[in-house]
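Q: Just passing along the structure, written as structure tokens.
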Amino acid sequence: MIARTHQCGELSRSHVGQTVTLNGWVQGRRDHGNVIFIDLRDRQGITQIVFNPEISASAHQGAHILRSEFVAAVTGTVALRPEGSANPDLATGEIEVLVKDVEVLNEAKTPPFVIEDEAEVTEALRLKHRYLDLRRPKMQKLLTLRHEVTQKVRSYLNGQGFLEVETPMLTKSTPEGARDYLVPSRVNPGSFYALPQSPQLFKQILMVSGMDRYYQIARCFRDEDLRNDRQPEFTQIDLEMSFVDRDQVMGSMEQMLRLVFREAAGIALPAPFPRMTYVEAMGGYGSDKPDLRFGMPLLDMSGFAATSEFKVFKDAVAKGGIVKALIVKGGATMPRSRIDALGETAKGWGAKGLAWVKVAQGGQLESVIAKFLDGKQLLASAPDAKPGDLLLFGADKPKIVHDVLGRLRLLLGDELNLVDRQAWKPLWIVDFPLLEYDEEGKRYVALHHPFTSPMDEDLLRLETDPLSVRAKAYDLVLNGNELGGGSIRIHRRDVQSKVFDLLGIGKEEAAAKFGFLLEALEYGAPPHGGIAFGLDRLIMLLGRADSIRDVIAFPKTQRAQCPMTDAPSPVAQDQLKDLKIKLDLVD
RNA sequence: GGGGCCGUCGUUCAGCCUGGUUUAGGACGCCAGAUUGUCAAUCUGGAGGUCGCGGGUUCAAAUCCCGUCGGCCCCGCCA
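Every position in the first sequence, counted from 1, becomes a number in the numbering used here once 970 is added.
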């Protein structure tokens, strides 16, 4: 093989006259009879190579067999392209290589789809031939971005005194959280490892070990249904720090993210990131991950509703519920059919209905419920509502009102094109409740996870009023996406036991499932806390990718299968026998 | 577990509602020939399809009905 002297994206005017060798794939062939142009492609770029019988008759002859995706080595001289034939769309467009020698390194079948960014192919086919799909410059850029981001992250954390430590992939099944992927143990028939949902417990143990600062670009597994932004195996930037409080973790992470965004993508994030409490986020945006790229906050109209003549509003407040509104600027032009459709959508999300009011040019109200409402009072309660606007009301328990109006806000933000697509709006959500009440299970469950520390000043209410206890937890939200979450952990055995009690995890159960952690806490566990970021989602946002699958080299389909390898697949009887497993598939 | 959209030459899409007028069509790709400045090259010609699969209705099914398989999106689920 003739080894390359340069890559396909690096030759320029300054190389003119040099003899070079390029290795790469044939992108396309333009045969003009006596002169043949071929675009040779590698990861770095594309260079036009020219076969001219006046330069080399044998090379020109050899070029005739070259086809798309053939792998070739060519040697020739770099030449400036003739006047007027430079290609401004190509980084190497000023020059071309006049080929003297060509070697076919490998032939290729005609690919099932063309290797171009604009190629219109179904994703199924792309995934089946992922090796071809990944040849597309767009995919190579995304994987390159991913590489650069992880390198920046490593470099930042290394500089801050973090140690990269690997934790087990074969570990213990944890009771709460997502469904586990299980791995049978041949040596211990009937027992199973679980693939980690996150290295949570191990990183806490590492703090007890005195590692002080840990990080890992950690693969995590959760056997739940897939989404556009969810894969069964995904990667977290996972880290933990000793002797820190919330502000130190958040401060350090802001610095890291600002560095990564600036250096890997040229994006300037604000300093500091804004913060919002959980209560403010839910109340103002109906979400614990508000998209701040547009306004339209939820407006509390409960006071107005309580004194109105509209029974639905009055009753909602009387029963301890709330009434909130979205002000849709200029929404008075929205046709009745669309408003009704929004109402149906809201019902699908659990609302009983969607009251609406249009503010006419004269300031009077237009609505089927207008006769029950005092226009002046309404506008006094909603000073931002102007003639031409539409108000949409939710009246119910706070949870439903916030959920429905929050979703409606996102739907309308998108539909009415209110979202600033160029904006980057990071946001910390803090002061989460420690617990929430699970109506189905009739018990308290941890909002974050069972190892999250309660706020010191709320500790006394753990037993008397558990739902009012706030956690030392924090989520990082970017453009309405939850990018990461973490907390200061419980480092005292007695507090951890109390929290387990509240969660209904008995002493025996706690000992069986987390005994090692509880014991570790008894041997001088330092105060510690950390955070984990979803690397895939981060890359997806930074690279403006359409789906999480575009930033993972070999992703799964929605049915959690890999079309290229055909995983998962049945296994041989002998393999099952080794594991002492008998299949008895039940519905 | 539930809802929606989709499946037609290698690829992508039309045809399907209103069954026969289709020898299933276009574009890209592929093959052959022509072509000395293209870069989505161009021109001429050509090959290429069990209409996802199975069953049913009918004189007749890509087209109507039922089932099934596969892909994507969403709800539930994802501490």
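Virtual Cβ for every residue (Gly too), placed ideally from N, Cα, C.
The model shown is predicted, which means the values in this text are computed figures rather than measured ones.
Nearest-angstrom Cα distance between His1117 and Ala1443?
A: Reading the first sequence from its first residue, position 147 is the one you call residue 1117. Reading the first sequence from its first residue, position 473 is the one you call residue 1443. Using only the alpha carbons, I get a separation of about 29 angstroms.
Q: Hey, Leu1050 and Ile1035: beta-carbon distance below 8 angstroms or not?
A: Along the first sequence, read from residue 1 onward, the residue named residue 1050 stands at position 80. Along the first sequence, read from residue 1 onward, the residue named residue 1035 stands at position 65. Not in contact: Leu1050 and Ile1035 (Cβ atoms no closer than 8 angstroms).
Q: So is Gly1454 buried or exposed if we call it buried at 16+ other beta carbons inside 10 Å?
A: Locating residue 1454 in the first sequence gives position 484, where the first residue counts as 1. So Gly1454 ends up on the buried side.
Q: Report the rounded CA-to-CA distance for Glu1489 versus Leu1229, giving the unit in angstroms.
A: One-based indexing of the first sequence puts residue 1489 at position 519. One-based indexing of the first sequence puts residue 1229 at position 259. Whole-angstrom Cα-Cα distance: 38 angstroms.
Q: Exposed or buried, Ser1257, counting other C-beta atoms within 10 Å across all chains shown (16 or more means buried)?
A: Position 287 of the first sequence holds residue 1257. Answer is buried; the Cβ neighbour count reaches 16.
Q: Kindly list the residues whose CB is nearer than 7 angstroms to the CB of Ala1321, restricted to its own chain and excluding five residues on each side of it in sequence; keep chain order.
A: Here residue 1321 refers to the residue found at position 351 of the first sequence. Once the five neighbours on either side are set aside, the close Cβ partners of Ala1321 are Gly1364, Asp1366, Ile1370 and Val1374.
Q: Per DSSP, Asp1408 forms a beta bridge with which residues?
A: Residue mapping note: residue 1408 aligns to position 438 of the first sequence, counting from 1. According to DSSP, which records beta bridges pairwise, Asp1408 is partnered with Arg1413.
Q: Is the CB-CB distance between Arg1440 and Asp1401 below 8 angstroms?
A: Here the question's residue 1440 lines up with position 470 in the first sequence. Here the question's residue 1401 lines up with position 431 in the first sequence. In this structure, Asp1401 lies closer than 8 angstroms to Arg1440 by Cβ.
Q: DSSP three-state label for Thr939, please.
A: No information on residue 939 is available, as it lies outside the stretch 971 to 1557 that the chain covers here.
Q: Taking the alpha-carbon of Pro1145 as reference, which of Gly1333, Ser1028, Asn1449 and Arg1192 has the nearest alpha-carbon?
A: Taking the first residue of the first sequence as position 1, residue 1145 is located at position 175. Of the listed residues, the one whose Cα sits closest to Pro1145 is Arg1192.
Q: For Arg1183, which residues from the same chain have a beta carbon less than 6 angstroms from its beta carbon, with the 5 sequence-adjacent residues on both sides left out?
A: The sequence position of residue 1183 within the first sequence is 213, counting from 1. For Arg1183, where only same-chain residues beyond five positions count, the Cβ hits under 6 angstroms are Gly1131, Phe1132 and Met1211.
Q: How many Å lie between Ser982 and Asp1103 at the Cα?
A: Mapped onto the first sequence, residue 982 falls at position 12. Mapped onto the first sequence, residue 1103 falls at position 133. Roughly 28 angstroms separates the two Cα atoms.
Q: Assuming the contact rule is C-beta atoms closer than 8 angstroms, Lys1395 and Arg1263 should be a hit. Round their C-beta distance to whole Å, please.
A: Looking up residue 1395 in the first sequence gives position 425. Looking up residue 1263 in the first sequence gives position 293. Indeed they touch by this definition, with Cβ atoms about 5 angstroms apart.
Q: With a CB to CB cut of under 7 angstroms and the five nearest residues on each side skipped, what residues in its chain are close to Gly1313?
A: Position 343 of the first sequence, counted from the start, is the residue given in the question as residue 1313. Contacts found: Gly1323 and Leu1324.
Q: Taking just the CA atoms, how far does Ala1340 sit from Met1271?
A: On the first sequence, residue 1271 is found 301 positions in, with the first residue counted as 1. On the first sequence, residue 1340 is found 370 positions in, with the first residue counted as 1. Approximately 15 angstroms, taken between the alpha carbons.
Q: Would you mind giving the Cβ-Cβ distance between Pro1403 and His1461, rounded to the nearest angstrom? I have them listed as a contact below 8 angstroms.
A: Residue mapping note: residue 1403 aligns to position 433 of the first sequence, counting from 1. Residue mapping note: residue 1461 aligns to position 491 of the first sequence, counting from 1. No, Pro1403 and His1461 are not in contact; Cβ-Cβ is about 21 angstroms, not under 8 angstroms.
Q: Quick one: grab the DSSP three-state call for Asp1087.
A: Along the first sequence, one-based indexing puts residue 1087 at 117. Note: Asp1087 maps to coil in three-state DSSP.
Q: Specify the secondary structure class of Pro1396 as computed by DSSP and reduced to three states.
A: Indexing the first sequence from 1 puts residue 1396 at position 426. Here Pro1396 sits in strand by DSSP.
Q: For Ala1352, collect the residues of the same chain with a Cβ closer than 7 angstroms to its Cβ; drop the 5 residues on either side in sequence, then sort them by chain order.
A: Here residue 1352 corresponds to residue number 382 of the first sequence, with the count starting at 1. So the list reads Leu1269, Met1271, Ala1295, Ile1297 and Leu1361, once near-sequence residues are dropped.
Q: Are the Cβ atoms of Ser1143 and Phe1162 separated by less than 8 angstroms?
A: By 1-based counting over the first sequence, the position of residue 1143 is 173. By 1-based counting over the first sequence, the position of residue 1162 is 192. Cβ distance < 8 angstroms, so Ser1143 and Phe1162 count as in contact.
Q: DSSP three-state label for Ser1337, please.
A: Reading the first sequence from its first residue, position 367 is the one you call residue 1337. Reduced to three states, the DSSP call for Ser1337 is coil.
Q: Compare the Cα-Cα distances from Gly1003 to each of Glu1478, Met1304, Arg1011 and Glu1024 and report the closest residue.
A: On the first sequence, residue 1003 is found 33 positions in, with the first residue counted as 1. Answer by Cα proximity: Glu1024.
Q: Note down, in chain order, each residue of its chain lying with its Cβ closer than 8 angstroms to the Cβ of Trp1398, except the 5 sequence neighbours on either side.
A: As a working note, residue 1398 is residue 428 in the first sequence. Only Met1220, Phe1243, Pro1244, Arg1245, Met1246, Tyr1444, Asp1445, Leu1446 and Val1447 meet the Cβ criterion.
Q: Could you check whether the stretch 1106 to 1121 touches the stretch 1153 to 1162, counting it as contact only if at least three pairs of C-beta atoms, one from each stretch, sit closer than 8 angstroms?
A: No, the stretch 1106 to 1121 is not in contact with the stretch 1153 to 1162.
Q: Does the beta-carbon distance from Gly979 to Ile1016 come in below 8 angstroms?
A: As a first step, residue 979 must be located in the first sequence, where it is residue number 9. As a first step, residue 1016 must be located in the first sequence, where it is residue number 46. Cβ atoms of Gly979 and Ile1016: closer than 8 angstroms.
Q: Do the CB positions of Leu1546 and Leu1555 come within less than 8 angstroms of each other?
A: Working through the first sequence from its first residue, we reach residue 1546 at position 576. Working through the first sequence from its first residue, we reach residue 1555 at position 585. Cβ atoms of Leu1546 and Leu1555: not closer than 8 angstroms.
Q: Our contact map puts Asp1506 next to Phe1231 with C-beta atoms below 8 angstroms; I'd like the distance itself, whole angstroms only.
A: Position 536 of the first sequence holds residue 1506. Position 261 of the first sequence holds residue 1231. Not a contact, Cβ separation roughly 16 angstroms.
Q: Since Gln1121 is in the alpha helix (DSSP H), which residue starts that stretch and which ends it?
A: Sequence index remark: in the first sequence, residue 1121 carries index 151 (1-based). Pro1107 to Gly1129 is the extent of the alpha helix (DSSP H) around Gln1121.
Q: Within the continuous beta strand (DSSP E) that includes Thr991, where are the two ends?
A: Mapped onto the first sequence, residue 991 falls at position 21. Residues Thr989 to Asp1001.
Q: Going along the chain, which residues of its own chain have a beta-carbon closer than 6 angstroms to the beta-carbon of Leu1549, five neighbours each way excluded?
A: Here residue 1549 refers to the residue found at position 579 when the first sequence is read from its first residue. Within the same chain, Leu1549 has close Cβ partners Pro1154 and Arg1156.
Q: Reducing DSSP to helix, strand and coil, say where Gln1531 ends up.
A: Translated into the one-based positions of the first sequence, residue 1531 becomes position 561. Three-state DSSP puts Gln1531 in coil, outside helix and strand.
Q: Identify, in the order they occur along the chain, each residue of the same chain with its Cβ nearer than 7 angstroms to the Cβ of Gly1504, setting aside the five sequence neighbours on each side.
A: On the first sequence, residue 1504 is found 534 positions in, with the first residue counted as 1. Around Gly1504: Phe1204, Gln1206, Leu1453 and Gly1454.
Q: Helix, strand or coil for Tyr1163, going by three-state DSSP, please let me know.
A: Residue 1163 sits at position 193 when you count from the first residue of the first sequence. In the structure shown, Tyr1163 sits in a strand (DSSP, three-state: E or B).
Q: Please report how far the alpha carbon of Met1304 lies from the alpha carbon of Gly1513, in whole angstroms.
A: What you label residue 1304 is simply residue 334 of the first sequence in a count that begins at 1. What you label residue 1513 is simply residue 543 of the first sequence in a count that begins at 1. Their backbone Cα atoms lie some 35 angstroms apart in a straight line.
Q: Would you identify the three-state DSSP class for Ser982, choosing helix, strand or coil?
A: Here residue 982 refers to the residue found at position 12 of the first sequence. Residue state, collapsed to three classes: coil.
Q: Roughly how many angstroms separate the alpha carbons of Gly1291 and Phe1274, rounded to a whole number?
A: Residue 1291 sits at position 321 when you count from the first residue of the first sequence. Residue 1274 sits at position 304 when you count from the first residue of the first sequence. The straight-line gap from Cα to Cα measures roughly 13 angstroms.
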